[in-house]
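In my numbering, the protein residues as written are 55 to 336.
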């Protein structure tokens, strides 16, 4: 009889222990912060991107679980295909907040030489404007597909910054402004669970905010982006803090990005010969 009672007590204790374990696990469950997009979202420009990128800083600061599925070089079209990946698909379904940096490569991987030529020589930005309609169409599809999978997910969209200065910076600035106007208009037209983070307004110091590759945010730049995201989350009741918690101090990549150097040199040559080039037939 005593043996039977001991068995019953043991079973009850085991049940209580398991129930307590499940309750503790449930209590420790954190919101999920998912990052999608391009090299900016990936952390290119940093030596150890996944330790010091802005997404990691946001997650560490607000106590989120963190998953990053960004791919350097991706356009909006690439992101749409990326979202069909099984792991990405599952992450979107489980996410509480989804942060997206996309659009810069729509500009860079379009007719970049033609855009630079028309901008420097003719102050004509019609080629950039031709990118806007397909970009917005893709953006709308991205947001729609995310909210189809997860209607409650908060989507944070970042604007596109200008990493260049000089003649190249003028063209980049105009191009980024055109795309950013489209992003801002889209967010205003779709206010439900879609939020804007104006990264372009934060990254304005070319020496401090950008890495030595001349394209991507530096460690300082990533901290500024993180702060901007944190403020947006806080203002909309999605986060608890606005001052970034830096668990690992970022380090910038070494060397020079030859694409950035080539663009700068190309625009300088175009400006030098602009009086002659502007007379040539289109």
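Every residue, glycine too, gets a C-beta built ideally from N, C-alpha and C.
Taking 6 Å as the limit between beta carbons, can you name the residues of its chain near residue i, skipping five residues before and five after?
i, result
"residue 122", "89 and 109"
"residue 147", "203 and 204"
"residue 314", "268 and 269"
DSSP beta-bridge partners for residue i?
i, result
"residue 276", "The partner list for residue 276 (beta bridge, DSSP) is empty, contrary to what the question assumes."
"residue 154", "90 and 211"
"residue 122", "89"
"residue 188", "DSSP output for residue 188 lists no bridge partner at all."
"residue 264", "271"
"residue 306", "100"
"residue 133", "Residue 133 pairs with nothing; no bridge assigned."
"residue 334", "Residue 334 pairs with nothing; no bridge assigned."
"residue 249", "210"
So, is residue i buried or exposed, given that buried needs 16 or more other C-beta atoms within 10 angstroms?
i, result
"residue 135", "exposed"
"residue 329", "exposed"
"residue 277", "buried"
"residue 177", "exposed"
"residue 212", "buried"
"residue 326", "exposed"
"residue 96", "buried"
"residue 161", "buried"
"residue 301", "exposed"
Does the distance from the C-beta atom of residue i to that of residue j stay below 9 Å?
i, j, result
"residue 274", "residue 197", "no"
"residue 220", "residue 173", "no"
"residue 179", "residue 225", "yes"
"residue 233", "residue 185", "yes"
"residue 299", "residue 114", "yes"
"residue 171", "residue 305", "no"
Rounding to the nearest angstrom, what Cα-Cα distance links residue i and residue j in this structure?
i, j, result
"residue 126", "residue 163", "12 Å"
"residue 282", "residue 333", "45 Å"
"residue 296", "residue 167", "40 Å"
"residue 61", "residue 117", "Residue placement at residue 61 cannot be trusted, given a pLDDT of 46 that sits under 50; the coordinates are not used to answer."
"residue 143", "residue 137", "6 Å"
"residue 94", "residue 131", "16 Å"
"residue 323", "residue 331", "11 Å"
"residue 259", "residue 312", "21 Å"
"residue 104", "residue 150", "20 Å"
Note down, in chain order, each residue of its chain lying with its Cβ closer than 7 Å to the Cβ of residue i, except the 5 sequence neighbours on either side.
i, result
"residue 91", "124, 128, 133, 154, 155 and 156"
"residue 139", "none"
"residue 308", "266"
Which residues in the same chain have their Cβ closer than 8 Å to the Cβ of residue i, if we skip the five residues on either side of it in sequence?
i, result
"residue 303", "106 and 273"
"residue 264", "99, 217, 257, 270, 271, 272 and 275"
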